[in-house]
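Structure first, then comments.
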Amino acid sequence: MRCKSESCDGLLAFEETDEGFLMGNMILLADEVGGKRFFPCPKCRGRNLVDEVEHGGRTRVRVFGFEPGE
Ligand SMILES: [Zn+2]
């Protein structure tokens, strides 16, 4: 999965489906700060924000946004 920052092409070690969901139950691996769950980008240190959504009767994990790192 590529970092969601438009100015960063950092590569995160997660597979993303064509529909924009992550493969596997990756929410368990996400960092959590202040109720936000995210995967930090190894390149820009930004936060790739994730949440869980219902899709096709299953709970899937989706990257829905990006926040720059400190
Ligand atoms: Zn990045």
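Sequential numbering from 1 applies to the sequence shown in my numbering.
All residues carry an ideal CB built from backbone N, CA and C; glycine is no exception.
*Contact check, E19 vs M1 under 8 angstroms by CB: the rounded distance?*
With a Cβ gap of about 13 angstroms, E19 and M1 do not count as contacting.
_In this structure, how does DSSP classify L28 when only helix, strand and coil are distinguished?_
In the structure shown, L28 sits in a helix (DSSP, three-state: H, G or I).
*E52: first and last residue of the uninterrupted beta strand (DSSP E) it sits in*: 47-55
*I think K36 touches L22, with their Cβ atoms under 8 angstroms apart; what is that distance to the nearest whole Å?*
K36 to L22, Cβ: 16 angstroms. No contact.
*Closer than 6 angstroms from C-beta to any heavy atom of ligand 1: which residues, in chain order?*
Those satisfying the condition are, in chain order, C3, S5, C8, G10, C41, K43, C44, G46.
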